[in-house]
Structures are given as structure tokens and as C-alpha cells.
Amino acid sequence: MQVHKTNFLINATPRLQVLTEDQIEAIYYAALTVLYETGVRVYDKEGVDIAHSGGAIVEDTTDDSSLVKIPHYVVEKARKTVPSKVVITGPDRRYRMELFKNQIYYGGGSDTPYVLDAYTGERRRATYQDVKNCARVAQALPNYDFHMSLGITQDTAVGTYDRWQYLAMLEGTSKPINVTAVDLEGVRDQLEMAHIRVGGREEWKKGPIFSLYIEPVSPLSHSEEVVQKLIFATDNDIPFVYTPCPLAGGTAPTTLAGLMVQALTESLFGIVISQIRKPGAQIIIGGLMSNMDMQSTIYCYGSPEMALLSAGYTDITKWLGVPEYETAGCSDAKLYDEQAAMESTINIATAGLVGGNMIHDVGYLDSGLTSSMELMVSSNEIIGMIKRILHGISVDDGSMALDVMAEVGPGGHYLATDHTMKRFKTEIWQPDLISHENWENWNLSGSKRFGERVNERVRQILETETEPLMDDAMFKELRRICELADARHKDEELDMKMFT
Amino acid sequence: MSEHFNRISKCIIDGDDEKLPELVQKALDAGLKAQDILDNGLIVGMNEVGVRFKGGSMFIPEVLMSARSMHVGQEMLRTLLAESGASRLGKIVLGTVKGDLHDIGKNLVGMMCEGAGIEVINLGFNVEPDKFVEAIKEHQPDIVGMSALLTTTMRAMGHSIKAIEEAGLRDKVKVIVGGAPVDAAFAERIGADGYGHNAGAGTELARQLLGAA
Amino acid sequence: MRTNYRVNTGVRFEMLSPDQVQALFDGVLHTLEYTGLDVHHEEARGILKDLGARVDGIRVCIPSYLVKRALQEAPRSFTLFARDGNPANNIHIGPGRAHFGPGPTPPNFIDINTLERRPFVKDDARIVAAVVDGLPNIDFCESLGTISDVTTALAASYEFAEMFPNTSKPIVAWSFGAEDGEDIHKIAAAEAGGQAAFERRPTYVHYCEPISPLLSDEKALDKLLFAARHRVPLIFTPCAIAGGTAPVTAAGIIIQAAAESWMGLTIAQAVQPGLPFFMGGVLSVMDMKDMIFSYGAPELSLFMAGLTELAHYAGLPLWQTGGCTDSKILDEQAAIEGSLSCFFSALTAGDLCHDVGYTESGMTGSILQTVMMDEAIGYSRRITRGIEVNEDTLATDVIHNVGPNGHYLYEKHTRRHFKTEFWYPNLCDRHNFEEWEMMGKSPMRDRVVQRTHDILDSHKPSPVKPETRERIQAVLKAAEEREAKKNTA
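Chains as they are written, first to last, in my numbering: chain A, 2 to 501; chain B, 49 to 261; chain C, 0 to 488.
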């Protein structure tokens, strides 16, 4: 008999779609309208010139900026060369991210001023050691694919924190990193550090080990720093994330569709400038998009609107053929509690289902102000659960098991059947910190709440000795770059210890 | 007489900045004093807005429209109030510091301060320390409010205060600071006079510093 | 204006392809026709035999044409009514809607004052119903426990008697057999104004279970027949354990569960054509280390999604499971597991999702868990509502007016939309750190307990008619006498 079926189309994974193609087009054409009729304000002469050279209209030039209006044919031209896939690896090349449609990777978020101390529970300013610790936790968690600092080093010089932050991350993890930079010089220094870490400029050319995070300001405003970073990254083959953080009701329209129109306008500007400058420049768009809480005025990281916007924008980037910078694993809770657990569960599920590529901010609490290693560990487990669901349901003779059902028959059981024995290890997801103990056993093992077990795991990771990721010589070489940067900028520091 | 006051306070609560001038004019035409219109019409309305906002039945966009209406009403009454000797609550200069382009929070403070009867001079974003100094010279505010969203640009708050000190103007103004990465400890270290943990708190702080009840 | 515009209203989720669903459907028919089920009920076997099924002892095989006929007759859409006539509490069963409620029968309950785990008592049923009545995202009621401080055999009767006056939302009821099933029915019919009135506007659903694998026992079918004859909407769904009482694979457990359900469907439609009928159930995995039936496993959501799509393809509504956890307390694990299944339930829009409030793998009911999940359901519903894309929401003219470096806080567009575009939490804290600190630094679990008490203290369910109160007393009295006779006989 024929065993293998023909003409049988399957969902190898579940599917989630927020916007139809018609809706995506509506948003896209509206963004083109805004880009041409309203324009964006650009505070960098070089950026304005690039736009102009590519066919943009420049108007209303003041001392420090111009209004740049981009006709849609210029956008369509740029879309032809923008890469649909961007690859970033870690210094350890085995950690590799291929960012393209529907490929999902989860990782941290950057530059939180505060951390939650894993031992005292206190919220305090982040230090170099904290950034290193978060990186070590990221390294230890299998469902973490890339890292971002999850803390600004505030016991170092502030004006050059980006180099120190990168150093701390390199000490803790060999996974791909998405870095921030104080300014262009900061990018240069971190690039030099990366060259050292990966073994030279030629090695970097084979595959970059970091991407650069660049954030224009909504609405429709591109500063000198932001544009200069874009140009530098483009010129130096550094993949970069160009993402605004529009706030529905505040710096963007209150309607989610309107916010996406504005955000897309800002993203398209980045695409246009980078592609004119160098066809094939590796840009990733998307970002954190959410609503302003209309009572407390916070920027909501944990709202359903955040998850929904991120997912909707992912549909847009899939259609555009550009990698997406998604957001998940974050919460507005001020500590790791049930709210953090609930919000992160649903937004992690949403991002994975819709297929966002670089899904960042895992570990963010308190509207992006505080990082939590507990939330990192908890999210790692949640991502595991989601991935189990993302493996979908296979429907074939083996899984349908009609013969097995006939054999076991009414009133029988499956515990010892071949069918069960062969498959239970792959079919049944094994929890790690989630407790499946019954009441008695749970009491015997200490009646712990999940948060306690998570906290124990954080401490365990921190207290476990690991092999250093680089030798002392390399560390010193990298540190020297940081120290030189400090020396160049020491006059700009406030003359007191600012935070700690 | 109370009809006029009720209508005015209701208009404030509804946030109808287009209808308010007409109601204020009607009240003035009816012979009511500017101070009374302010106290029993406008301020009563704004107080109710505050109560409803705290209680969760009014939201920011609505509060801001009320504040805007309040501002419109106060502008209408300004000359009359000045003539009768009543003085304004005070004046505040607001700016996002050098290197920082984020100003939604600062703008919120500005809008709420206007609603509270404080005159607001908004310098915008990316404001150099010197510009704060110039603004103090030009406008003679009671308070200077600085905002920053990034840890790197927070330093500019310290630099700006220093510039104000060096210009010999530090004792002429109160300086308050705010923004997501700012906290009370930092405010103290750079010698600010106060810190607001959100727009509402910043506005309240400004009012207190101006001696408001 | 733009034409040829096709939009998603709500997000689109799909677990299985049409080909996969068809294959599962065929698998169920195959199982019913060639493997068959054991039916431990003479009358039921008789009904099936008369219909055209092959009966051999207690083994019944149902040819696929009979199953298809039954599927054809069962309605996909119908309404469950609030007993007080308030349309806001009616439940419209039909495509695209997900509804949520607690579950039945755990032996223990979390005391809402002491937070201790203790046996479930009569007053707990009242508490659960009263809180359910006041929760915005909970649509139907079950008691979350088996009453331990009444005559054992009458636990279900007392439970319904406590719930019914304390919530006007539709109730899903269970019973030990047809006798106490009748107790329950008398109460509901009294409030409705008689059997005919009840049939027009049913206010409760009867729940009974086949036994996995592929077996229906006497009591279950007694109840099924009673419900069918009185036109009470019926749920006949298994609780199956992957790797234990069902195949360990998703496709296998789905097929088996559907076969068990559709056997009951065939009998029910034969007795009462057009009877509202839910297939479904509680499908999950056995934890092979701790040996518990895992209510928090990701497989619960996975199986549920596949089963829902099969059900809808076959033209039946689904009885789902969600909002439940293996955690022993109200903690982060309870939040993770419960939110996950609530979210997938919302995504799959399958029809009634129960066990919201089940903890400790079904051993302990907790109305606190239900209250916490009410928030997760609201959250999920905002996501599944999706994004509206039209000229007004695209707002290009608003963007133009605001311009670079402007803001939207004063815009009319903002005022017009902010109340409907955003979800407003009841339990998720949105304060900044300083305010949260000043307010006492509470974790969410504290707010959950507080909200439970607030609802209980302030929300008043609508009362039943005085006649119904009397009827309830009479029914319980008669039931006690009935039981007493049995014990002395």
C-alpha cells in the first residue's frame, strides 16, 4: 500500500498573522505619503546631502536641520538593494544568527539604568559587574541567542560607558551582541575592540560579531548623531538596527495603525539613506512600539498593545523583505512577580508565533528602566515552552496511531506501548524550574514559590566558575581602548562620583 | 451668579477650550470680578479634574485639555488680575538638556504647569548650558526645569547648573530636574533644588516651590 | 476610496493546515467505524443499534455516514442565556468567540482569607459564583470544587443550589447520575418558568465525560440521556492523558478524544435532533517523572489548538481547558502556565474554556487564580482583537499636522481613540517605581487577593425569583430524603 501521501500540504509550525497583505499595503502607502508630503527633519548635513543626491527634496533648511521629503520611487529603488538577510555571529562563531523572515532569536535589551540585585532584591544603579553578570547569565541560558547589555555601567566614566559596557559583555558572553554607542567615536572604539576580540579586521569582514543599535526620535526626527552612526555603520559593513520608539498618544498617533505608519516612515528613511550610501547596507528595522499609559504616563513595555504592535510590524517587515527587530520578554512590573510572568509569557508567545527575528528586551522590567536576571531565567523557560508549541502537530500515520488505538482498544492503556516508549521523550516537554511536584513532595522540597527557584538558579549561575572567554592579554588590550577613551573625555565628566 | 461659575468649572472639566472664552466673557459682562472667576470657576474646575484623575475616571488627554482650557481662561483674565494687584503664580523655564532630543515628558510638565497657572517658557530640546543662562537673563523665571532621558545626557544637567552658577545666577532661580534615569540622589548630588518622578510630581513640586497652597 | 480591501478583524491563528484537519477528521471516522467503543449502557446501545450501528456485546462501531449525519444536525451556533435576562451575560456560541470560566470538582480550595489549602465546602461555591459574577472577563461559572460538608451523594445538587442564586451568568453543571441531574434541572427550570421556557432559553449546560480510552460508562450515559431528553445543552468530553490513557502524540490524542465525544454526539442527536453539543476536553501529558497530569504543560495548549480546529471543521463548538496550573500556590508559575493557555484559547476562539482557577494539577480550586486570569484574558483579548487599518486609524493627516518633533497629546484624534484603542488593566501595575514604592511595593499576588475581596464586598449578583428559592429548598429536601431511604433500605 502507498504509505507516503501526495498532495498533502501541512503546517510544519503554527501560524500567526496580524495584518493581511491589503492592510500592510495600506500602511506602506500611507508611510510613503508621509515621507513625501510631510517629510522628516534631518539634523545632519551629510545625511541631507546623501538624501538629496538620491533624489530627495530638501526644504526649509535652518541652521541645524532640513526637511527632507522622499519621493516614492526613491524608496522603491532602495528596497531593491536592501538585504533580506543579515548574519551576525558571536566571537564564538558557533553562535550564529541568520536574521530573515520567520527565523526567531531571543535576547536581552540594553542600557537600563537600574538592576534588581539578585541577593538583596534591591533596585540599584547598574555597575560594570552587573553588566558582566547579566552577560554570564545570558551565556548560560540555552534559549538566549544574542545579548544586549541589560545595564549601563555607571561606576565607569559616563561619557565613555559604551566601551566599558562592551568589555563587560565580552567578558561574560561569546554570543552575538547588539551594542549601543555614545557617539561615533564610541562606535569606532567598539569596532576596534571587536577586531581584537575576533582576531582582526579580516575576520570581522568574514562575519561581524556585533550590530549597532541606532534610535532616531519620534516623531520624524533624525539627529546628527543618529545619522552619522548610520553612515559610519554603512561604510564599515556593520549591521545596524535603526529603530525609533514611538509612543502611541504621545510621540505617535494613538491608533496602532497610525503609529505603524509613522514608524515605517522613520524606518524607510533609514533604508533610503543607507542604500543610497551603499547598496546592500545591512539594516534591521522594527523596534519597540507601544502605548503611553494614559493614567501614569509611562511607556508601556508590558502592555498587550506593545506585543500587538511588534507583531503587526513583523508582518510588515516580512512583506518588505527586511529583518525585524522585535520586542518581548519584558514587563512594567517593578519586580519579578506574577505580573512580570504574565506579561512576558504572552509577549514571548506572540513574538515567537509571528516570527520576529531579533526579539530583544528579554529581561526588562519597570518600563525598560530595570533589568532582572530573574526575568531572564524565567523567560528562558517560557521560551522553551513556546518552542514546544512552535514545533506544531505532525499528522501522519505514525502520529495518528490508528493501529495503536485499535490494538490498545477500549479500556486499555498506553503506558508501556512501543509507540509511547519511542516518542515520549520528544513529545513531552521537560520542565526545569517549573514544578510538577504533587503537594506532599512540594512541601518536602521546601514549599518554594517559582520566583524563589528562579532566584536560586540566578545565584547558581553567578556562583559557578566558568572558563574565561578571553586570555588576560586580550583583556588588557581591550581595556586599554576603554582607558584611552576615558582619558580623551575626562574633562566632560562631572567632578564627583555621579552614581555610586 | 453661581450659574456662571458652574458653567465655567464644567467647561474646564469638559476641557472645552473653544467654548471657555465665551463663558468667561459672559461672566465678566455680568459684572463678576476676575479673581472670583478664577477662584470659583476655573480653579474649582481644575481641582475637580485633579480629584477625578487621581480617582481614575479621567485620563491624561482629558486632563491636558482641561489644563489648556484653564490656560486660555487665565490668559483672558491676566491683565485684569494684574490690575487688581493679584500676581501670577510664577514663571518656569523648561528644557531638555544638551545632547538629548526627547521631550515628551518635559512637554507634559509644561502643559500641566500652564494648567496650574504657571507661565511656561519652553526652550525645546538639546539645550546648551549657555542657553539656560540666557533664558534666565531674558525671562527671569522663578524655576528652571531640566529633563533628560539618557544616562549620558544627565551629565548635562550638572554642567548646566554649573554654568548658571558661574554666571552668578544660581541664587536667582530654583532648579528642578526629571526624566526616567534621574533620581532624587542624583538631583541632590548635582545641587538641584528638587526632583519630580513624573510629570505630575514635577508640576506639584513647581507649585510648592512657588508657594502655592 | 480604496476597494478590493480584505482585512483581518482580529488576528489570524492557525495550528493545522486544511489537509491536516481533514486527515484527523478521517482518522476519527476510521476509529469509530473500525475500532469502535465500549458502551456500558443497554439503552444507549439499543439506540445506536436502531440507528444502524454495529453492536457486538458492548462494543459498538458506528459507520461514518451516521456520524456525519449527527454532526450535520448538531448546531455550530447557539446561545446560552443569563438567568436574569440581562443580554450582556448571554454567551453567543459561534465562530470567532472565546469564553472563559472556572472548572469543577477539585477536592481542595484556597481559603481567600487565610490563603491556606483546605477541603472545599458549601460556602466556597457561593463565593466562587459571586466573584465570577463580578469579573469582566469570566463568562460562565463552575464551582472550583466538590463540596465536602454535605451529604456526599448530593454534593453536585448542593453546589448548583449555591451557585445558581449567586450568579446570573450561565452555569456548567455536573452530577453523579441522572437523579441529581434532575435535581439541578428542576432548579433551573423553575427560574426559567417551566420546561418549555427553559428549552427556549437554556441557562445551564450539563457536563459529562466518557472514559479514555474509547469507553462510556453507565452513569455518564444516564446523564447524557437525561440531558438530551430535557434539551439541556450538553458537553460530552474526555479527560485524556497522553502516554497514559491516550496516545502520546498530539494527532493520536486528538483523534481518540474526538471519537469518544462523537459517540456521545451520535446518541444525543438521535434522541434530540439539534441538541446543542460541545466536544472537547481536557487533554494533556503525564509528567513521566512526577506522575502528575500536567495542567500547565505547553502540550495542553498545543493539543487544544489542534482539537479546536478539528471541532470547528466538523461543525461543533469546543469545550477547551485553560487558565490552569500545576503550581501549588498563587505565584509566577501559576501566572505563566495560566496565561499561556488563556492566550492560546483566545487565539483559537474555541468556544468555552474552562478550568480557569484550577491549581495544583486540578487538586485545588482557587478563585484567586481565576481573578488573576481574568486579567490575562483581558490582555489576550486585546491582542486577538487585532489592529484596525482604515483611513481614520492611518491618521496621515494627523501625522502631517503634528509634524517632526511635535506631539499628539492635544490632538482630537488622540482623545477620540485612547479609550477604545488601549486596554486598561485592573491588576497590572503601571506606576513608576517611586509611586509603586510609596504605595507599598506590592507584588501582583497581593493585588489579586485584594481585588477578590473587593469584588465579593461590592458586587451584588441579581437575585433569583422567590419561587425559585422555595423550589431550591424543596429539591434539596427531597434529595436528602431520597438518599436517606437508600441508606436505610
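Backbone N, C-alpha and C define an ideal beta-carbon position, used for all residues, glycine too.
Original post:
Within 8 Å (strictly less), CB to CB, does G330 (chain A) reach chain B?
Top reply: Locating residue 330 (chain A) in the first sequence gives position 329, counting from the first residue. No, G330 (chain A) lies away from the interface with chain B (no Cβ there is under 8 Å from its Cβ).
**OP:** Starting from Y29 (chain A), follow the alpha helix (DSSP H) in both directions and report where the run begins and ends.
**Re:** Taking the first sequence and counting its residues from 1, one reaches residue 29 (chain A) at position 28. Start and end: E22 to T34.
Subject >> Pairwise C-alpha distance: E494 (chain A) and R237 (chain B) >> reply: Residue numbering aside, residue 237 (chain B) sits at position 189 when the second sequence is read from its first letter. Residue numbering aside, residue 494 (chain A) sits at position 493 when the first sequence is read from its first letter. Each residue's alpha carbon lies about 14 Å from the other.
Original post:
Shorter than 8 Å from the beta carbon of F277 (chain C) to some beta carbon of chain B?
Top reply: Against the third sequence, residue 277 (chain C) aligns to sequence position 278. No, its Cβ sits nowhere closer than 8 Å to a Cβ of chain B.
Original post:
So with Cβ pairs under 8 Å, would you call Y357 (chain C) a contact of chain E?
Top reply: In the structure shown, chain E cannot be found, because the protein chains are A, B and C.
Original post:
What whole-angstrom Cβ distance do K78 (chain A) and G40 (chain A) have, given they're in contact under 8 Å?
Top reply: As a position in the first sequence, residue 78 (chain A) is number 77, starting the count at 1. As a position in the first sequence, residue 40 (chain A) is number 39, starting the count at 1. Actually they do not touch by this definition, with Cβ atoms about 18 Å apart.
**OP:** Starting from the Cα of F197 (chain C), find the closest Cα among C:P232, C:A219, C:L220 and C:V474 and give me that residue.
**Re:** Within the third sequence, numbered from 1, the residue matching residue 197 (chain C) stands at position 198. Checked all of C:P232, C:A219, C:L220 and C:V474; the closest Cα to F197 (chain C) is C:P232.
Original post:
Taking buried to mean at least 16 other C-beta atoms within 10 Å of its own C-beta, is M374 (chain A) buried or exposed?
Top reply: Within the first sequence, residue 374 (chain A) is the residue found at index 373, counting from 1. M374 (chain A) is buried by the Cβ-count criterion.
**OP:** For the beta strand (DSSP E) containing P177 (chain B), list its first residue and its last residue.
**Re:** The residue given as residue 177 (chain B) occupies position 129 in the second sequence. Not the beta strand (DSSP E): P177 (chain B) falls in the alpha helix (DSSP H), residues P177 to H187.
Original post:
Nearest to A249 (chain A) by CA position, among B:P109, B:K179, B:I85 and B:E96, is which residue?
Top reply: By one-based count along the first sequence, residue 249 (chain A) stands at place 248. Nearest of B:P109, B:K179, B:I85 and B:E96 to A249 (chain A), Cα basis: B:P109.
**OP:** Determine the chain A residues that contact M287 (chain C) at a beta-carbon separation under 7 Å, and present them in chain order.
**Re:** Translated into positions along the third sequence, residue 287 (chain C) becomes position 288. Within chain A, the residues near M287 (chain C) are F425 and I429.
Original post:
Cβ atoms of F225 (chain C) and E181 (chain C): under 8 Å apart, would you say?
Top reply: As a position in the third sequence, residue 181 (chain C) is number 182, starting the count at 1. As a position in the third sequence, residue 225 (chain C) is number 226, starting the count at 1. Closer than 8 Å, so yes.
Original post:
Can the beta-carbon of V396 (chain A) be found less than 8 Å from the beta-carbon of Q19 (chain C)?
Top reply: To locate residue 396 (chain A), count along the first sequence from 1; it is residue 395. To locate residue 19 (chain C), count along the third sequence from 1; it is residue 20. Cβ distance < 8 Å, so V396 (chain A) and Q19 (chain C) count as in contact.
**OP:** Quick one: which residues of the segment 433-448 of chain A get their C-beta closer than 9 Å to a C-beta of chain C? List them in chain order.
**Re:** L434, I435, S436, H437, E438, N439, W440, N442, W443, N444 and S448
Original post:
What are the boundary residues of the alpha helix (DSSP H) that P297 (chain C) is part of?
Top reply: Start at 1 with the first residue of the third sequence, and residue 297 (chain C) comes out as number 298. P297 to A313 is the extent of the alpha helix (DSSP H) around P297 (chain C).
**OP:** Quickly, what does DSSP pair W318 (chain C) with across the bridge? List them, please.
**Re:** Here residue 318 (chain C) is taken as the residue at index 319 of the third sequence, counted from 1. Looking at the DSSP assignment, W318 (chain C) forms a beta bridge with C:G279 and C:L351.
Original post:
Which first and last residues belong to the beta strand (DSSP E) in which Y243 (chain A) is found?
Top reply: The residue you call residue 243 (chain A) lines up with position 242 of the first sequence. Note, Y243 (chain A): beta strand (DSSP E), F241 to Y243.
**OP:** Report the neighbours of N155 (chain B) on chain C: residues whose CB is nearer than 9 Å to its CB, in chain order.
**Re:** Position 107 of the second sequence holds residue 155 (chain B). The contacting residues are H406 and L408.
Subject >> Candidates B:I152, B:E186 and B:I140, of which the one nearest L253 (chain B) by Cα >> reply: Position 205 of the second sequence, counted from the first residue, corresponds to residue 253 (chain B). Checking every option, the nearest Cα to that of L253 (chain B) belongs to B:I140.
Original post:
Comparing the C-beta of I183 (chain C) with each C-beta of chain A, is any distance below 8 Å?
Top reply: Against the third sequence, residue 183 (chain C) aligns to sequence position 184. Taking Cβ atoms only, chain A never reaches closer than 8 Å to I183 (chain C), which makes this a no.
Subject >> Reduced DSSP secondary structure (H/G/I, E/B, other) of P465 (chain C) >> reply: Within the third sequence, numbered from 1, the residue matching residue 465 (chain C) stands at position 466. It is helical.
Original post:
Can you tell which of A:N444, A:K449, A:L260 and A:A253 has the C-alpha that lies nearest to the C-alpha of G405 (chain C)?
Top reply: As a position in the third sequence, residue 405 (chain C) is number 406, starting the count at 1. The residue with the shortest Cα to Cα distance from G405 (chain C) is A:A253.
Subject >> Helix, strand or coil at Q449 (chain C) according to DSSP, with G and I counted as helix >> reply: Working through the third sequence from its first residue, we reach residue 449 (chain C) at position 450. DSSP places Q449 (chain C) in helix when its eight states are reduced to three.
Original post:
Would you say E110 (chain B) reaches chain C, if we count a Cβ-Cβ gap shorter than 8 Å as a contact?
Top reply: The residue labelled residue 110 (chain B) in the question sits at position 62 within the second sequence. Yes, E110 (chain B) counts as interfacial toward chain C.
Original post:
So the beta strand (DSSP E) P118 (chain C) belongs to, where does it begin and stop?
Top reply: Within the third sequence, numbered from 1, the residue matching residue 118 (chain C) stands at position 119. It spans R116 to P118 - the beta strand (DSSP E) in which P118 (chain C) sits, taken as one unbroken run.
Subject >> Enclosing beta strand (DSSP E) for R16 (chain A) [first to last residue] >> reply: Counting from 1 along the first sequence, the entry for residue 16 (chain A) is found at position 15. R16 to Q18 is the extent of the beta strand (DSSP E) around R16 (chain A).
Original post:
If we ignore side chains and look at the alpha-carbon of each, how far apart do A127 (chain A) and E468 (chain A) end up?
Top reply: Walking along the first sequence from the start, residue 127 (chain A) turns up at place 126. Walking along the first sequence from the start, residue 468 (chain A) turns up at place 467. Those two C-alpha atoms are separated by around 24 Å.
Original post:
Which parts of the segment 38-104 of chain A are runs of the beta strand (DSSP E), unbroken and 3 residues or longer, counting only runs that do not cross its ends?
Top reply: 41-43, 58-60, 67-70, 87-90 and 97-100
**OP:** Check the DSSP bridge columns for L233 (chain C) and list the partner residues they point to.
**Re:** Translated into positions along the third sequence, residue 233 (chain C) becomes position 234. According to DSSP, L233 (chain C) bridges with C:H205 and C:F276.
Original post:
Rounded to a whole number of angstroms, what is the C-alpha to C-alpha distance between N12 (chain A) and G322 (chain C)?
Top reply: On the first sequence, residue 12 (chain A) is found 11 positions in, with the first residue counted as 1. On the third sequence, residue 322 (chain C) is found 323 positions in, with the first residue counted as 1. For N12 (chain A) and G322 (chain C), the distance between alpha carbons rounds to 26 Å.
**OP:** Give the straight-line distance between the Cα atoms of F342 (chain C) and Y357 (chain C), rounded to the nearest whole angstrom.
**Re:** Here the question's residue 342 (chain C) lines up with position 343 in the third sequence. Here the question's residue 357 (chain C) lines up with position 358 in the third sequence. The straight-line gap from Cα to Cα measures roughly 16 Å.
Original post:
Looking at A139 (chain A) and M471 (chain A), is the spacing between their C-beta atoms short of 8 Å?
Top reply: As a working mapping, residue 471 (chain A) is identified with position 470 in the first sequence. As a working mapping, residue 139 (chain A) is identified with position 138 in the first sequence. No, Cβ-Cβ distance for M471 (chain A) and A139 (chain A) is not below 8 Å.
Subject >> Every unbroken beta strand (DSSP E) inside the segment 239-313 of chain A [3 residues or more] >> reply: 241-243 and 284-287
**OP:** Tell me whether T248 (chain C) sits in a helix, a strand or coil according to DSSP, three-state version.
**Re:** Position 249 of the third sequence, counted from the start, is the residue given in the question as residue 248 (chain C). DSSP places T248 (chain C) in coil when its eight states are reduced to three.
Subject >> Three-state class that DSSP yields for V180 (chain A) in the structure shown >> reply: As a first step, residue 180 (chain A) is located in the first sequence; it is residue number 179 there, counting from the start. Three-state result, V180 (chain A): strand.
Original post:
Do P101 (chain C) and V127 (chain C) have their CB atoms nearer than 8 Å?
Top reply: The sequence position of residue 101 (chain C) within the third sequence is 102, counting from 1. The sequence position of residue 127 (chain C) within the third sequence is 128, counting from 1. The answer is yes: Cβ separation under 8 Å.
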